[in-house]
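If you count by numbering that gives the first Met the number 0, then the sequence shown holds residues 0 to 406, one letter each, in order.
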Amino acid sequence: MHDSDKKGFDTKCVHAGIGEYEFGSVVPPIFQTSTFKFKSARHGANLFTGEEKGHIYTRMSNPTVEAMENAVAELEGGYKALGCASGMAAIDLIFSALLQYGDHVVCSTSVYGPTRTLLETVFSKFGVSTTFVNSSDHLKVLHAIRPETKVVYIETPGNPTLAISDLSEISKIARAHSCHMVVDNTFMSPALQRPLMLGADIVLHSMTKFLNGHADVVAGIVVVNTEELYIKMKKVLNQTGGVIDPFNSFLVHRGLKTLAIRMQRHCESATKIARYLEAHPMVKSVSFPGLPSHPQHEIAKKQHLGHGGMIAFELQGGFQAGEIMMNTVKLCQLAVSLGGVESLIQHPASMTHFSMGEAGRAAAGITEGLVRFSVGIEDADDLIADLEQSFEEIKYRMGEKEFRNSI
Ligand SMILES: *Cc1c(COP(=O)(O)O)cnc(C)c1O
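1) Tell me whether residue 165 sits in a helix, a strand or coil according to DSSP, three-state version.
2) Below 8 Å, how does it come out for the stretch 81 to 98 and the stretch 214 to 231: are there three or more Cβ pairs, yes or no?
3) For residue 139 versus residue 132, is the C-beta distance shorter than 7 Å?
4) Does DSSP put residue 229 in a helix, a strand or coil?
5) Is it buried or exposed, residue 229, if we count other Cβ atoms within 10 angstroms and call 16 or more buried?
6) Could you check whether the stretch 313 to 321 touches the stretch 271 to 287, counting it as contact only if at least three pairs of C-beta atoms, one from each stretch, sit closer than 8 Å?
7) Looking only at its chain, what residues have a beta carbon closer than 8 Å to the beta carbon of residue 264, apart from the 5 residues adjacent to it on each side?
8) Have a look at 197, 17, 77 and 378 and flag the residue whose alpha-carbon is nearest the alpha-carbon of residue 225.
9) Taking buried to mean at least 16 other C-beta atoms within 10 Å of its own C-beta, is residue 73 buried or exposed?
10) Within 10 Å of its beta-carbon, does residue 291 have 16 or more other beta-carbons around it, so buried, or fewer, so exposed?
11) Please report the Cβ distance between residue 71 and residue 80, rounded to the nearest whole angstrom; I am assuming they are in contact, meaning their Cβ atoms lie under 8 Å.
12) Does the distance between the C-beta of residue 152 and the nearest non-hydrogen atom of ligand 1 fall short of 6 Å?
13) Look at the Cβ atom of residue 161, then the Cβ atom of residue 311, and state whether they are nearer than 7 Å.
14) Return the chain-ordered list of same chain residues with a C-beta closer than 7 Å to the C-beta of residue 0, the five sequence neighbours on each side being excluded.
15) Secondary structure at residue 155, three-state DSSP: helix, strand or coil?
16) Within this structure, are the beta carbons of residue 389 and residue 351 separated by less than 7 Å?
17) Check each candidate in 59, 337 and 155 and name the one with the smallest Cα separation from residue 298.
The structure is reproduced here in structure tokens:
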């Protein structure tokens, strides 16, 4: 239990992890140092044995990093957190700490691409096998569990479809089979979803996204629910070395203060834009957990405090329409990543997944007109106006007739 458990989430965002500092500094100073002086040989010895508390070396611990870790742990309602060099470093830490030769993982199919690749190309070399299941159907998770399953890994909302998985149902299944339940909470942030409260053991984030929120840091974090898990993870992180640095910790901690109000705006704008897109004649379908048309809308309503800032939509007009949209939006910027204050737009078929070819994309379920939109905190009406002028360009460039033919 944290002292501030009674306080509201917005208050926690501003104050979590902040202590008392020299000169009355209101924010944690940046301890940009690799190492810390010992007062004497005995002091050094005591720090290593743990008889005295203090910092030794920044890979092991650093006050600026700890302040940020404490803040994220408090926001997620966890025991403690471990800052990592990136989201992928956080995921690698979790698998490295929990798995050994012969173990098995059950993982959501709708998962961040490199997470799947890590399991399939790196952990498979060390004798770890994985079954990918559509975790939106929690019974599929149950049926994939084997005696050697150690980890159930869920991403919800998942990449890139925004499929939702029921965390409380799946955590019951994981618990009944003595598996650790891990949740990638990157798309929601603790402002909108708290997996540890729903029964998960470990939550991770790419803090590159909403937690930092300003597209200027690459970082990750692992939040655990017990001291035992913390000690286990801390040892592995110290050995593998994928730690966050003090300056990035400072930036993330600064970003956390506005997390609640940023997420509120992301949710409001994304809801407005999702409704606009759903009513648009040039849009075939919209995936947004807040729309009643989303296949897991009922689960989303139960487990989200808001539905986030991510929208996936399918254009009428396929590949060509997607390409024109990318080349004609003005306010929305063409880039991968998400969760920043600025809106980012991406067309997998012509950008990130172009090299797969149409057949490869079809096999992976990536449709030709799919657009992924990370809604920023600009005025929603300005974003809608930007999309609308882009739709006009699509109509003009493809020609009314050709456009109709491609539908
Ligand atoms: C970006 C992302 C990651 C990886 O994080 P990095 O900080 O880029 O290493 C993992 N999971 C999800 C859902 C992401 O969006």
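Virtual Cβ for every residue (Gly too), placed ideally from N, Cα, C.
In this text the structure is predicted, and so the values were computed from the model without any measurement.
Once the coordinates are examined:
1) coil
2) yes
3) yes
4) helix
5) buried
6) yes
7) 376
8) 77
9) buried
10) exposed
11) 5 Å
12) no
13) yes
14) Note on residue 0: pLDDT 44, under 50, position unreliable in the model; the coordinate value appears next. Answer for residue 0: no residue qualifies.
15) coil
16) no
17) 155
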